[in-house]
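I have placed the structure first, in the form of structure tokens, so that the comments after it can refer back to it.
Number of protein chains: 4
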Amino acid sequence: MPDYPTALGASTPDTITLLGRDLAADVMGEVGFGELAFWLATQRRPAPGEVRVFEAVLAALADHGFTPTAIVTRLTYLSAPDSVQGALAAGLLGGGSRFLGVTEDCGRFLHDVVAGRDPLPCDDADWDELALETVRARRAAKQLIPGLGHHVHKDGDPRTPRLFEIAAEEGLVGPHLSLFAAIGRVHPAVLGRTLPLNGAGVCGAALADLGLPLELLRGFALLARTAGLIGQLAEELRRPVANEIFLSVDLNNRSIPPVPFTDAGTDGGTHG
Amino acid sequence: MPDYPTALGASTPDTITLLGRDLAADVMGEVGFGELAFWLATQRRPAPGEVRVFEAVLAALADHGFTPTAIVTRLTYLSAPDSVQGALAAGLLGGGSRFLGVTEDCGRFLHDVVAGRDPLPCDDADWDELALETVRARRAAKQLIPGLGHHVHKDGDPRTPRLFEIAAEEGLVGPHLSLFAAIGRVHPAVLGRTLPLNGAGVCGAALADLGLPLELLRGFALLARTAGLIGQLAEELRRPVANEIFLSVDLNNRSIPPVPFTDAGTDGGTHG
Amino acid sequence: MPDYPTALGASTPDTITLLGRDLAADVMGEVGFGELAFWLATQRRPAPGEVRVFEAVLAALADHGFTPTAIVTRLTYLSAPDSVQGALAAGLLGGGSRFLGVTEDCGRFLHDVVAGRDPLPCDDADWDELALETVRARRAAKQLIPGLGHHVHKDGDPRTPRLFEIAAEEGLVGPHLSLFAAIGRVHPAVLGRTLPLNGAGVCGAALADLGLPLELLRGFALLARTAGLIGQLAEELRRPVANEIFLSVDLNNRSIPPVPFTDAGTDGGTHG
Amino acid sequence: MPDYPTALGASTPDTITLLGRDLAADVMGEVGFGELAFWLATQRRPAPGEVRVFEAVLAALADHGFTPTAIVTRLTYLSAPDSVQGALAAGLLGGGSRFLGVTEDCGRFLHDVVAGRDPLPCDDADWDELALETVRARRAAKQLIPGLGHHVHKDGDPRTPRLFEIAAEEGLVGPHLSLFAAIGRVHPAVLGRTLPLNGAGVCGAALADLGLPLELLRGFALLARTAGLIGQLAEELRRPVANEIFLSVDLNNRSIPPVPFTDAGTDGGTHG
């Protein structure tokens, strides 16, 4: 028989362990939820400072009001109120490249620059040099820089300086955040205009500095969003708007003629 | 134009607020993730003791090893590694009546008994009386009691006494937990055998005592599970087993004749 | 090793079979898609008349314009254009009790009445008698009758007489459709007003008469809707509206104060 | 108020139209399901030959036995039997780059080669020349050729010649199929070995020749698979295996020690 090992949850008739600890005695009541999520993802118990940075990232990404994901969860719950899991899953499915992807894209982009670089820059001037080279190369390749620019917070995303501050307080500014900060300083000279470092991007940098798996950075944005979507459902229960949103679209439903075509099959369908 | 109010996330070019607070200044770095999830769901900031009970529940439900939801997430990631959101959503879709539903069912069941009862029982003897009446009524109606019994932990689920203990430490044993405990004491006299109060059930009782919306109790189980599924994906990245699981099913694929039938359409399909 | 039999798809290096037939030689080019879907669900090849009724049902359920499911699919595609599977899955998740459930509810309801009844009524007068008894019993139990009534087509759903007509042409009016028709005739005398037999309901009756599994009647509505949602995505590609829908909700986003509360935790969060 | 036009489904109290036709009179009973799916996606009614090729593609992709998607749907139904929509959606979420993506990748790849080429090759020798150039360019760029090779059908995928045959019978061999066939003829000379043209690839070529939107080729594979997954659920109802699959994984669950780590947070978690 095949044998599938796991270091996560396991149980016998008398015991339940999680990550090799006694779940009841050593995890419940002792480990916060953000801490546990970090631990599950890395199989390494984080230090309190790491938990604080991690939870700051989750807070930054939890809810942004009526995003498409929030609307989707509310509409799905309207249609299928018997399935909370379906409403949450539907909302998470919008967590792809465009809306929640910046966090992952930015973390990976920064990692591609710093990975394997030895020694790493050791002061701001060195980071600025590396950042300058990086921004120039992206510009030459006509590629955008992930994490740079925001359609609303044009003069600065308030989450960005705050996350730098928290990471600095905890001694957790690593190479990804350092490079991201340097990009913020040097890009105007190359691009000819000043763009903000956005919140999703700085979150990606911070998660990468925490050593979380790059393939799953989007997953942490989704974990944060799950809490936000539950908040959306709770608000929908107290103050429903999904039906009104639906009707605002549907009542405007004006039938238009289909696109012009040569009706090749007019004379006979399959059952004609 | 319609107008959709929300008290969750909101932003202007200069500010981002969440739950009416300044996200960067007052939430990031100040509010833990479990605390934030509670706050989003209730629009009420929980006290530290409430957070501790809530996070103990989330820990209890986060991961149980190779459950169907864990296998589903790993197999979906194997098939579509470009979509972490799809792998997580697929896993959550198993969070229905059978595997994750006990938490919600138990919370609702207890609530149906205590809701509107005034005054509530004020000591164990009174709770035992109410519990006895409740268990007898379910038995007479040939209905199971949610949260009672476990297929593995037949002599006691270790999470149950621990969660009662934590709730007691925090002064948060309310009517739902009280009734659940009483059911644990009195059911043997009615049912003729002793069954354990299971962990999913006690979690539902604790969440209901915290005042979380009953309609969304399953949602908190899903939030906990999201963290667990990210852990499953992280482990899959380090030590893949999904392909082996798939092959263990598929290599056994033995084609069998379809069920016997009268082939009414043998002489002509739609394109015959 | 365990051994999982299936009569559906199977392959060897040289052959591919589906439902026990040679896929390339006997299915491709020979079996229409509606016919194949029926065959997969029943493991019985349907007669041409059965295919015609089945496909009429699928046509009736494929698309109803800007339903919540259609909006959800378009918004999810807007957010995550890299994942067509996510956009379709999100739309299908709205296919629950409220919007797509009538088909299944009606089929099951009719089945509960006729199942095991031997002999079945043999003429309209007998069916009317059974229908009268059924409608009275539901009314006495204060239960609605699935498939009766429509919020838009108050004077009659055009799909209903047409599906009866097609079933009659194919000699496929069985007990479920017969009872449903009788309910249409007798309910005004009991309820004191005339309600239309709706299209979703008659589809459920027709699917039940075709012998399709009752547990999966909702599945056929979802199959039909999958085709509709692909149509929605195709139209979105040619003439996008999802971003405009999103903005019509979000631009109206007016931050409101959270619900009043006693801020039990003001003095200290988990990181205070 | 915004105004969202659609040419798909629309209704008034008295009428229901689909694609500008009267749904009851002109679509139900007159239009097959494959035909309707094509029509919805293109807003052009297909000719009977186009329907036959399209439905042959859907048949080729509907079910391949115990694929990960099939296992996922069965396991999700085991966990949450109340939500057929969740079980189907979970299965579809595996329809990503690896398992169902070849159809789309191959169609796009062929399209990139032939798009804008004027005049197109007009005989096999010309197609072979273009194919040779294409295969050489991919090899030089160290890129695989989508649709070439199969892990089981190493000596030929039986679906491929059959789909070419059907397309030829219907006069629907266009540039995509022509180029794909030429790649099959010329690649051994470049690659030094003979690989089969696989079924998923030829389906992508055929769908592209039918003028279906390239962005949605994966969507048609998902439509086909939806029918297959309903078949899987129907079989699961009659002959359940999901619980046995689950247990074959879980009973092998052998707890292993977590990966070694420096337990930075041993001395105090967030609630320590």
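Chains as they are written, first to last, in the working numbering: chain A, 2 to 273; chain B, 2 to 273; chain C, 2 to 273; chain D, 2 to 273.
Note that CB positions come from ideal geometry on N, CA and C, so glycine has one too.
On a predicted model such as this, the values are computed, not experimentally measured, just so you know.
In the DSSP assignment, the alpha helix (DSSP H) including residue i goes from what residue to what residue?
i               : result
T296 of chain B : One cannot answer for residue 296 of chain B here, as it falls past the ends of chain B, which runs 2 to 273.
R219 of chain B : L218 to R239
A243 of chain C : A243 to D251
Who are the near neighbours of residue i in its chain, counting only those whose CB is closer than 7 Å to its CB and skipping five residues on each side?
i               : result
G33 of chain A  : V52
V54 of chain C  : I167, A168, E171, L173, A207 and L211
F262 of chain B : With a pLDDT of 35 at F262 of chain B, under the threshold of 50, the modelled position of this residue cannot be trusted; read the value that follows with caution. Answer for F262 of chain B: no residue qualifies.
G57 of chain A  : Here residue 57 of chain A is Ala; the residue named in the question, Gly, does not match the sequence. Answer for A57 of chain A: L164 and I167, listed in chain order.
V73 of chain D  : A91, G92 and G95
G175 of chain B : D210
T195 of chain D : P189
A61 of chain B  : R160, L164, G200 and C204
F247 of chain C : L76 and L79
G157 of chain C : P197
Near residue i, which residues of its chain fall below 8 Å by C-beta distance, leaving aside the five closest residues on each side in sequence?
i               : result
P47 of chain D  : E36, F39, W40, F55 and L211
D4 of chain D   : none
A42 of chain D  : L213, P214, L217, G220 and F221
A81 of chain C  : G87 and A88
N244 of chain A : L79
Below 6 Å CB to CB, which residues in the same chain sit around residue i once its five sequence neighbours on both sides are set aside?
i               : result
A63 of chain B  : A225, A228 and G229
V28 of chain A  : L19 and R22
T135 of chain B : V114
T7 of chain A   : none
L121 of chain A : P176
R255 of chain C : With a pLDDT of only 48 at R255 of chain C, under the threshold of 50, the placement of this residue in the model should not be trusted, and no figure is reported.
With a threshold of 8 Å, establish whether the CB of residue i neighbours any heavy atom of the ligand NAD.
i               : result
A190 of chain B : You won't find the ligand NAD in this model; it holds no ligand whatsoever.
4-residue-minimum alpha helix (DSSP H) runs that sit fully inside the stretch 129-205 of chain A, ordered along the chain:
Every alpha helix (DSSP H) of 4 residues or more that sits fully in the stretch 129-205 of chain A is shown, in chain order, as 160-170 and 176-192.
At a cut of 8 Å, does the stretch 200-213 of chain B reach the stretch 141-158 of chain B through at least three beta carbon pairs?
The stretch 200-213 of chain B vs the stretch 141-158 of chain B: in contact.
Can you list the alpha helix (DSSP H) stretches of 4 or more residues lying completely in the stretch 8-44 of chain B, in chain order?
Unbroken alpha helix (DSSP H) stretches of 4 residues or longer found wholly inside the stretch 8-44 of chain B: 34-43, given in chain order.
Taking only runs of the alpha helix (DSSP H) that begin and end inside the stretch 58-118 of chain D, which ones reach a length of at least 4 residues, in chain order?
Counting whole runs of 4 or more residues, the stretch 58-118 of chain D contains the alpha helix (DSSP H) stretches 69-80, 85-93 and 102-115.
Taking 8 Å as the threshold, find out whether the stretch 236-244 of chain A comes into contact with the stretch 128-137 of chain A through three or more Cβ pairs.
As far as the Cβ criterion goes, the stretch 236-244 of chain A does not touch the stretch 128-137 of chain A, which means the pair count is below three.
Tell me whether the stretch 78-86 of chain C and the stretch 100-113 of chain C touch, counting them as touching only if at least three CB pairs, one residue from each stretch, are closer than 8 Å.
The count of Cβ pairs closer than 8 Å, one atom from the stretch 78-86 of chain C and one from the stretch 100-113 of chain C, stays below three, leaving the stretches out of contact.
Are there three or more Cβ pairs, one per stretch, closer than 8 Å when the stretch 23-41 of chain B is compared with the stretch 225-234 of chain A?
By the C-beta criterion, the stretch 23-41 of chain B is judged to be in contact with the stretch 225-234 of chain A, since at least 3 inter-stretch pairs fall below 8 Å.
Would the stretch 148-161 of chain A and the stretch 8-26 of chain B be scored as touching if the rule is three or more Cβ pairs under 8 Å?
Here the stretch 148-161 of chain A makes contact with the stretch 8-26 of chain B; the two share three or more CB pairs at distances below 8 Å.
Under 8 Å (Cβ pairs) to chain E, residues found in the stretch 73-91 of chain B
This model lacks chain E altogether; the protein chains it does include are A, B, C and D.
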